[in-house]
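Sequential numbering from -14 applies to the sequence shown in the working numbering.
Yeah, the Cβ is synthetic: ideal placement off N, Cα and C, and Gly gets one too.
One structure is given below, encoded as structure tokens.
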Amino acid sequence: MSSSCPTAASTVRRGGSWRASTSDRRAPAYTGRVIDDADHLPLFPLRTVLVPGAALGLRVFEPRYLDLVRECGRRGTGFGVCLILDGDEVGVPATPAGFGTEAVIEDFDIGGDGLLALRVRGARRFQVRRTRVRDNGLIMADVAWRTPDPVVDLQPEHALLGIVLRKILEQIDGADQVFPEPHFDDAAWVGWRLAELLPLEQPQRQQLLRLDDPDERLETLLRLVDDE
């Protein structure tokens, strides 16, 4: 597996028993904005943060992740991408962050090196409640889905961020194909695209991923842009 990040630790343990996850260190575990239903989700810990709507390329070669892809394909489900807090992408199961994003497989192929190549896209955000490790080293998580973003108009105080995003997209070849229907008036869409495209540190992206309020996300982005 390869791909090309911070702050809640999940306690993982081999075997069948579940252990509670500790939340990202900078915020309380639950803010009240979770959907009641929980789900079990296989995790793919990476040294990158996947945000909703963003595309990500992966090369898969470890047996546990090949099993994950087969299982997702058979069931028609996605898997969870979480930032690695401790450990590596290969080998011993890493410690994943307490918030992540569901990855939906859009395309796959066998590369020239013989490895399975995936293209996935970020979908729903989730919070990890508990984790366990299967015998094959695959981390399974009991997750609570975060509330979907409300449709909120981009406010005048955040207009600068809309301008920044437009300028970024103007510099990307084929941006009109990657983003055929831009939503520059949608606070959530603008925030996630900036989280995806700005040269942020992975801990900064993870901080944005934790936030439920699109306007709060944009306020955080404004501070990050001003600091540059």
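ask   = Any idea what DSSP makes of valine 113, helix, strand or coil?
value = strand
inquiry  = Tell me which residues share the same chain as threonine 16 and place their Cβ nearer than 8 Å to its Cβ, disregarding the 5 neighbours each side in the sequence.
reply    = Residue placement at threonine 16 cannot be trusted, given a pLDDT of 36 that sits under 50; what the coordinates show is reported in the next sentence. Answer for threonine 16: Asp197, listed in chain order.
inquiry  = Which same chain residues end up closer than 8 Å to leucine 145 when comparing Cβ atoms and leaving out the 5 residues on each side of it in sequence?
reply    = Leu207 and Val210
ask   = In the DSSP assignment, what are the bridge partners of cysteine 67?
value = Pro30 and Gly85
message = Quick check on DSSP: helix, strand or coil for arginine 190?
response = Here arginine 190 sits in helix by DSSP.
inquiry  = Please report the straight-line C-alpha distance between aspartate 171 and aspartate 92, rounded to a whole angstrom.
reply    = About 27 Å.
request  = Taking only the alpha-carbon atoms, compute the straight-line gap between glycine 72 and alanine 79 and give it to the nearest angstrom.
outcome  = 4 Å
ask   = With burial defined as no fewer than 16 other Cβ atoms inside 10 Å of the residue's Cβ, what is the status of proline 141: buried or exposed?
value = exposed
ask   = How would you label glutamate 56, buried or exposed, when you count the other beta carbons within 10 angstroms and need 16 or more for buried?
value = So glutamate 56 ends up on the exposed side.
query = With respect to the beta strand (DSSP E) encompassing glycine 147, which residues constitute its N-terminal and C-terminal limits?
reply = Not the beta strand (DSSP E): glycine 147 falls in the alpha helix (DSSP H), residues 144 to 155.
query = Just the Cα atoms here: how many angstroms apart are arginine 117 and isoleucine 124?
reply = 6 Å
query = Which partner residues does phenylalanine 169 have in the DSSP bridge list?
reply = Answer is none; phenylalanine 169 lacks a bridge partner.
ask   = So, using beta-carbon positions, are alanine 238 and phenylalanine 169 closer together than 8 Å?
value = Since the displayed the chain opens at -14 and closes at 213, residue 238 lies outside it and no answer follows.
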